Each structure stands twice: as structure tokens, then as C-alpha cells.
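Here you go:
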């Protein structure tokens, strides 16, 4: 007995009809299991040589830069340490210049303790505060603006503390008097 | 890039296999298929900190400024030049300054290696800070990479501490007073400030004890900690390197 017959469905071609089952109907729409999502093909490259060659270029560039600077600029060495002779101005290393500049404006408890502590706590807890999953800056306007503002303020304070401060932490123009120390 | 276009084809065959005679001897093509190359990568000790493949976009100089690599290389330069300097330096107020003078005038390449150490240190502070700024804009602290950002903050602080402890060692006026200013800030911490300052200095003011403490921190304690944290930082990067860094739809 041959049960295989073709059933014509309007607009949908034909389906096989076998003896064990019958097509009762075809429902348009999504499959019951939900939308099938094809995994997007990632465009991958081998780490060797693609990434490693580029890392080598970066590494050699920075090494060359350091070796080159070291030829022309000598590390500073002032006179021997003298606890009885306080230089004026007394300067912290440049990466603490922003903090030292703040010290001139606020009570030391604020600029020396409160501000650095809150910066460190803020940086550490940033990923747990900003929980949005957006990655691109144009979708994270608040976070990006706050970060940029913080960096601009910090860089300006660093430059002022490093180059624009002279005796008694007074204002100087760096092209007239130079007090920055590396 | 020609090298990236040939990505999935066998590597260039040796000259012998390309000749007519060579083909008659070997008959089969070179075995360097992508699978063989991946296996070679996988079994290489020095490449164990790298995944076999990374997304093409992540390796462009436009996407990455390679500031992490640059920071790591500068750390390497600092270790190498620092070890050289240790041979000629004794951390005591009686000899520290004259050791630096001797280093600069009599030791072979002494001045040059000291310059390399100094400028590498300044550049490393810049590079680590710039690395952090870049990672913020790229959103690299977002889940699931939150903790690697925290490790990065730790590495920045360790870099600053290393730089600051090294600043005292030449024992000149610049070093002495910069460290005096820096440690005076610790004294302002409520309740424990005075104790913290005394613990850092080993006394009331910058003295022989301070120099020895900063030296030990600078050449032993802090380098060990920064290298350890850096290893975890890089390991986590390697585990997360295959993450899609371009998604910008919110996951509901």
C-alpha cells in the first residue's frame, strides 16, 4: 500500500503526506522554540603573528624613546640632602602636584586625606556603581562627561602645581621663573 | 596587511617544496595548516599568556594604543636598569649621595643607566594613567571584567608608591624635601595619622631609617607585589580576550 501522496497547499508548495501522519495545517509565525539566532561569526586572527608583531612594534618604540631621551637628558641630582636648609618652594613629585596644589586651597584634612581617599574608593567602586552594559561612549554620556571633567581638572591642577608655582607657593609664569622638578 | 589575508591558508611552503624536484620528493603539501599552527601556539610556554586568536578589530592601532604593553615593557626596563644600579648603591645617608656621584662619574654607563631608570619611571606613571583613562572610554570595566579594573587601580597605586619610594634614594635636596612634603600629608589622617607617618619614616623626620625603609620597599617589597598583581591582571585579560567588545545593546 502506497500512502505517499502529495498535498498541495495554496501559496506554500507541497508537503509529503505519509501513512503515519497527516498534515492538519500550517500555522504562519514564529516557531514554538522562539526565534532562531545564528551566532554571529567573529572575525578572528591568529595572535602569532598579528598581535605579537604589533606588540613588538609598541614595545620597541617605547624602548627606543627611553634610550633616546636618556642620551640627551640627565637625571637631576641636586646638592646633598640638608635637613636644616628647606628649599623654597618645597615641591612634591609631579604626580602628586595636583594634591599639593589642592593643599594650598583647602584644609589638609580635605585635600590630603579626604580627596585622595575618595578618589581611590571611587575608582575601585566604579564598575559596581556604573552598571549599564553599554560600551560605546556615545551611549554613556553621563559617565564619559564625568570622567572627562575629572581628568581635565586633575591635569590642570597637576600642571599648575608643577610649573606655575614658585616661592611660598605663589603664582609664577613658567617662562619667567622655572620651579618644576622631575 | 598581507599576513592577515593569508590567515587561514597554510603558511608559505619552503623553497624546496615549491620546486618541481621538491614536489616529486615530498608529494604531499606542507602540513602547516591553521590547526597545526594553533596546536603549536597552544604548546608553547612563552605564548601561554595569549589566546590563540583574537578579534581582528582589537589588534588595530586605531582601537588599541598598546598602553598596557608599554607599561609592562617600562616595568621591565625599570627592573633591568634598577638591578644594575643596585650594584653601586648603599642605602645609608653617609654613602647614598656619594654613591650616585660615583655612579655618574666613574661607573661604566652609570649615568646613562640612571637616566634610563629615571625616565622610564616617569613614563611608566604616565603610561599607566593613560592606560586607565583609555580603558574607561572603552568601557573595559563593565561586567564581567569589573575586578580586572580594580586590579588595575591597585597597579596604578603601586606604580605611584614605587616611584615615590625611589624618589628618596639619591638623598639630594630634591629627594629629601619631596619625601618630607609627601609624608607630611599622612600626618593629617585623623587619629592614626601621626602613627602612620612615624611608621613610614621610622622616626619623626626623614632620616637614615627612612632611607633604609624606602630602599627595602623600593627594591624588594613593592616590585614583588606589583609583579604578582600584574600576573593576575594579564591572566584575567587573557581569559577575557575573546569577549565581544563591540556590543552596545543593553542586555535585558
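Residue numbers (our numbering), protein chains in the order written: chain A, 423 to 604; chain B, 16 to 267.
Beta carbons are placed, not taken as given, at the ideal position from N, Cα and C, and that holds for glycine.
What you are looking at is a predicted structure, and each value in this text was computed from that prediction instead of being measured.
Pairing residue 130(B) with residue 34(B), the inter-Cα distance amounts to about 54 angstroms. In the three-state scheme derived from DSSP, where H, G and I count as helix and E and B as strand, residue 467(A) is classed as strand.
Taking a beta-carbon distance threshold of 7 angstroms, residue 189(B) counts as an interface residue toward chain A. Straight-line measurement puts the Cα of residue 467(A) at about 5 angstroms from the Cα of residue 71(B). For the pair residue 481(A) and residue 488(A), the Cα-to-Cα distance works out to about 11 angstroms. In this structure, 148(B) is the residue among 148(B), 67(B), 157(B) with its C-alpha nearest to the C-alpha of residue 568(A). From the listed residues 465(A), 494(A), 552(A), the smallest Cα separation to residue 75(B) is found for 465(A).
The Cβ atoms of residue 139(B) and residue 117(B) lie no closer than 7 angstroms to each other.
Contact check for residue 583(A) against residue 522(A) passes: the beta carbons are separated by less than 7 angstroms. According to DSSP, residue 587(A) shares a beta bridge with 593(A).
Boundaries of the alpha helix (DSSP H) harbouring residue 244(B): 237 to 255, taken from the DSSP string.
Taken through DSSP and simplified to helix, strand or coil, residue 72(B) comes out as helix.
Sequence-distant Cβ neighbours of residue 145(B) in its own chain, meaning closer than 6 angstroms and more than five residues away, are 82. Look at residue 449(A) here: in three-state DSSP terms it is coil, with no helix or strand label. When beta bridges are read from the DSSP output, residue 187(B) appears opposite 502(A). Between residue 523(A) and chain B, the shortest Cβ-Cβ separation is not below 7 angstroms.
Under the 8 angstroms Cβ criterion, the stretch 559 to 574 of chain A does not count as touching the stretch 492 to 500 of chain A, having fewer than three qualifying pairs. Per DSSP, reduced to three states, the secondary structure at residue 83(B) is helical. In the displayed model, residue 59(B) falls within coil according to three-state DSSP, outside both helix and strand. By the 16-neighbour rule on beta-carbons within 10 angstroms, residue 185(B) is buried. Here the C-alpha atom of residue 597(A) lies approximately 15 angstroms from the C-alpha atom of residue 589(A).
Rounded to the nearest whole angstrom, the CA to CA distance from residue 155(B) to residue 550(A) is 13 angstroms. Using a 10 angstroms sphere on the CB of residue 78(B), the tally of other CB atoms stays under 16, which defines it as exposed. Within chain B, the residues whose beta carbon sits less than 9 angstroms from that of residue 513(A) are 189, 192, 193, 196, listed in sequence order. Any Cβ of chain A closer than 7 angstroms to the Cβ of residue 57(B) would place that residue at the interface, and such an atom is absent. In this structure residue 228(B) is buried. Its beta-carbon is surrounded by 16 or more other beta-carbon atoms within 10 angstroms. Inclusion of residue 198(B) and residue 188(B) in the CB contact set at 7 angstroms is not warranted, their separation being larger than that value. At a cut-off of 7 angstroms between beta-carbon atoms, residue 203(B) makes contact with chain A.
CA-to-CA, the gap between residue 202(B) and residue 209(B) works out to about 5 angstroms.
For the C-beta of residue 571(A), not a single chain B residue is nearer than 9 angstroms; the gap to the nearest is close to 12 angstroms.
In terms of beta-carbon proximity, residue 39(B) stays away from the interface with chain A, with every pair separated by 7 angstroms or more. With a threshold of 16 other beta carbon atoms within 10 Å, residue 106(B) meets it and is buried. Counting along the chain, no alpha helix (DSSP H) covers residue 552(A), and no H or E run does either. Residues of the same chain with a CB within less than 8 angstroms of the CB of residue 103(B), apart from the 5 flanking positions on each side, are 114, 117, 118, 122, 125 in chain order. Cβ-Cβ distances below 6 angstroms link residue 516(A) to 584 in the same chain, with the five nearest sequence neighbours on each side left out; the list follows chain order.
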